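Protein chains in written order, with this note's numbering: chain A, 1 to 388; chain B, 1001 to 1388.
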């Protein structure tokens, strides 16, 4: 009987393998293969294709799309491409087979970015090591729901608690970490590698153990696409009411939820808020709306002004609240911006305003533009500065 | 300035849209489109393709692979296919474009099953409604790590706590929910829709609020592929030591962790264990190894015997412990099996053994075989019977 099952299971595996072999080019294909010298080889089985290209995030982008390059056809219809040594980072990529986008069937690791899903891989030996799961103590990541009376919604939120939180009796500081346009409460965990960055920085003694709160910044959404009663629909980049003051004025619901649900230090010196793009915009405006609440503010490639064509009073006259924020004191006002970011000039103007008001800030300018590779770096640099 | 940003953002979106339009056939394509009559239309843009097929889980399978059918080429190179009315369920599918497997670029919802990633959708108006996120109170889902001294590992585990757990003072019963071969601590959440099934059954008053514990049954793994320090590697179907008694004898570490970390009723009448395939095998052998621990046992398409060629003492002589389990009492011993399952005959033999011992069981025989569609149904039927 045992033998029979063994045979049945072996047959099962064989059949699956054969079927996969026919469709996807065999179980022996490794792609991507990341080598010690940080070169990466991709392999794709397409015996009948006339042309196979690869497009990856490490390639120079044009019109917000990374370029692409031809792969080389080899034996048995396996197309290959090997990169030069890549800078340590997390990269997404896809294949273009006779003009058609294809994911890599030999790589099960994919991340959604708004309405697109792409394969990813991590190159180590540098900052990418912070994005890896390493042999260090791990925090917990919880998806749960909280009430937002201001919005009249029950909403999904992602919470990282640091290693040891559950068994400790101590109280922790809190970082509120906000996503950009098209993102949601999954963005920082998935593309941002927030839990890995926190685990690693805490293990290295570079960051204080902290709770990280990742809410959904789209006030019309209860939850990320696929996670609410709207079902599995095509995600949108633009959502209404995301930059009209509703998120900022409803933020008190999030703070109240966190401070009544977790062992936190409910004090200004133990609260930080940061975000990317629209999340930087939200961080800017939330922190001045509650001007004595956060001692740490981080604007990552932040928008300063809303998208609306008509002026919105909530955003038009910000000097009064900014001045209050300055008078109340703020231990760290951190701004990260890429040199080629389309929001660069706005941040120049905003820094002039901060200078005029006398609100001291730390300004970090990096290469590149409005991309996740910068936002992961900004988070990795911001977090060690908190709660000192 | 606001205008400038608005224009920049509009340009950004336009460029992304254009690039996507070129590659993936435009933002206006909806695929899959699920209609009220439970027919589903798929659309795929491939103007230059000679033949596009679709393969989906609703099609009759042969050699463990669902069949495929031709799509029809229409205007602008859009290939379409509409199903007959489908039975309410969650389905996976992919396209085959001139012999090449392609995912649906208009559907961001994908689930990994061992080493394969496929698009999914849910058809409602039936049991599939249990798999949807509905407007009901939601439990929390946490990924965290626990110590397993028996295995010398710190391991990842997924925990569902029911709605209200965090604010309640009451103690809850616990269901241990085990995955099959090739699975891990993500399987029941992803393909099994366990948190949706629990949320919905609890909201309908059909299930008692309970904690659901989803451990990793592969004792050589710390965590699911991509979630441990092994990095992002190609997942394997077979893993060593998964059916040699190590998981069963180390299970006490999981119970200890859960009962010391959560507000649970630490008593036999409030403990259930169930699982699919290898997880059913584990449920069978864990429950007899700790023969006075679980009042509820569920075997879903369970294996009874290990895969090893040589007899393993731990599994060879099970009568003594099974008899103990019978003598100690077990409120529900539930067996679900599909008529065409390759493990069917083994379960006939095992039921004869239970009859001989006098251990009463509930036996549910369904259509179909060794597939997730059955395991979601078995969970949905098993959970309402617990902790009465």
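For every residue, glycine included, the Cβ atom is placed at its ideal position computed from N, Cα and C. Keep in mind it's a predicted model, so treat the numbers as computed, not measured.
How big is the Cα-Cα spacing for residue 1269 of chain B and residue 1387 of chain B?
Annotation: residue 1269 of chain B to residue 1387 of chain B spans about 7 angstroms, alpha carbon to alpha carbon.
Does any C-beta atom of chain B lie closer than 8 angstroms to the C-beta of residue 375 of chain A?
no
Listed from N- to C-terminal order along the chain, which residues in the region 1222-1238 of chain B have their beta-carbon within a distance smaller than 8 angstroms of any beta-carbon of chain A?
1223, 1225, 1226, 1227, 1228, 1229, 1231, 1232, 1234, 1235, 1237, 1238
In three-state DSSP terms, what is residue 1072 of chain B?
strand
Residue 1238 of chain B: buried (16+ other C-beta within 10 angstroms of its C-beta) or exposed?
exposed
For residue 278 of chain A, which three-state DSSP category applies?
helix
Taking residue 367 of chain A as the reference, which of A:337, A:384, A:345, A:376 has the closest Cα?
Minimum Cα distance to residue 367 of chain A is reached at A:337.
State the beta-bridge partners of residue 292 of chain A as determined by DSSP.
Per DSSP, none; premise fails for residue 292 of chain A.
Going by C-alpha to C-alpha distance, which of A:251, A:261, A:233, A:379 sits closest to residue 1106 of chain B?
A:233
What separation, rounded to the nearest whole angstrom, lies between the Cα atoms of residue 180 of chain A and residue 246 of chain A?
16 angstroms
Identify the continuous alpha helix (DSSP H) that holds residue 258 of chain A and give its terminal residues.
Run containing residue 258 of chain A: 251-261, per the alpha helix (DSSP H) assignment.
Could you tell me the distance, in whole angstroms, from the CA atom of residue 222 of chain A to the CA atom of residue 1200 of chain B?
17 angstroms
Counting Cβ pairs, one atom from each stretch, are 3 or more of them under 8 angstroms apart for the region 197-216 of chain A and the region 1110-1121 of chain B?
no
At 3 residues or longer, and completely inside the region 92-131 of chain A: list those beta strand (DSSP E) runs for me, N to C.
100-102, 110-113, 116-123
Looking only at its own chain, which residues have a Cβ that is under 8 angstroms from the Cβ of residue 31 of chain A, when we skip the five neighbours before and after it?
Cβ neighbours of residue 31 of chain A beyond the five flanking positions: 41, 42, 43, 44, 104, 106, 107.
With residue 211 of chain A as the anchor, note down where its beta strand (DSSP E) starts and where it stops.
211-214
Looking only at C-alpha atoms, which of A:185, A:203, A:195, A:189 sits nearest to residue 218 of chain A?
A:185
Hey, residue 38 of chain A and residue 86 of chain A are a contact pair by Cβ (cut 8 angstroms); roughly how many whole angstroms apart?
5 angstroms
Find out if the Cβ-Cβ distance for the pair residue 272 of chain A, residue 294 of chain A is shorter than 8 angstroms.
yes
Please classify residue 316 of chain A as buried or exposed, where buried requires at least 16 neighbouring CB atoms within 10 angstroms.
exposed
May I ask you to report which of helix, strand or coil DSSP gives residue 1062 of chain B?
strand
Residues of the region 1164-1196 of chain B in Cβ contact with chain C at a cutoff of 7 angstroms, in chain order, please.
Within the model displayed, chain C is absent; protein chains A and B are what it includes.
Could you please give the first and the last residue of the uninterrupted alpha helix (DSSP H) stretch that includes residue 1377 of chain B?
1372-1382
Closest to residue 225 of chain A by C-alpha separation, out of A:182, A:258, A:251, would be which residue?
A:182
Select from the region 1089-1109 of chain B all residues with a C-beta closer than 8 angstroms to any C-beta belonging to chain A, and list them in chain order.
Going along the region 1089-1109 of chain B in chain order, one finds 1096, 1097, 1098, 1099, 1100, 1101, 1102, 1103, 1105, 1106, 1107, 1108, 1109 with a Cβ nearer than 8 angstroms to chain A.
Going by the beta-carbon positions, is the gap between residue 1054 of chain B and residue 1076 of chain B smaller than 8 angstroms?
Contact: no.
Hey, quick one: how far does the beta strand (DSSP E) through residue 1365 of chain B stretch, first residue to last?
1362-1366
By alpha-carbon positions, which one of A:142, A:128, A:154, A:138 ends up nearest to residue 1136 of chain B?
A:154
Measure how close the beta-carbons of residue 1298 of chain B and residue 1382 of chain B come, nearest whole angstrom, since I'm counting them as under 8 angstroms.
4 angstroms
I'd like the span of the beta strand (DSSP E) that includes residue 351 of chain A, first residue to last.
No beta strand (DSSP E) holds residue 351 of chain A; the alpha helix (DSSP H) holding it covers 344-357.
In the DSSP assignment, the beta strand (DSSP E) including residue 307 of chain A goes from what residue to what residue?
First-last for residue 307 of chain A: undefined, no H or E at that position.
Using beta carbons (cut-off 8 angstroms, strictly below), is residue 1145 of chain B in contact with chain A?
yes
Using 10 angstroms around the beta-carbon of residue 1341 of chain B, count the other beta-carbons present and answer buried if the total reaches 16, otherwise exposed.
buried
Determine whether the Cβ of residue 117 of chain A lies closer than 8 angstroms to any Cβ atom of chain B.
yes
If you compare alpha carbons, which of A:48, A:62, A:78 is closest to residue 28 of chain A?
A:78
Tell whether a beta-carbon distance below 8 angstroms holds between residue 229 of chain A and residue 1141 of chain B.
no
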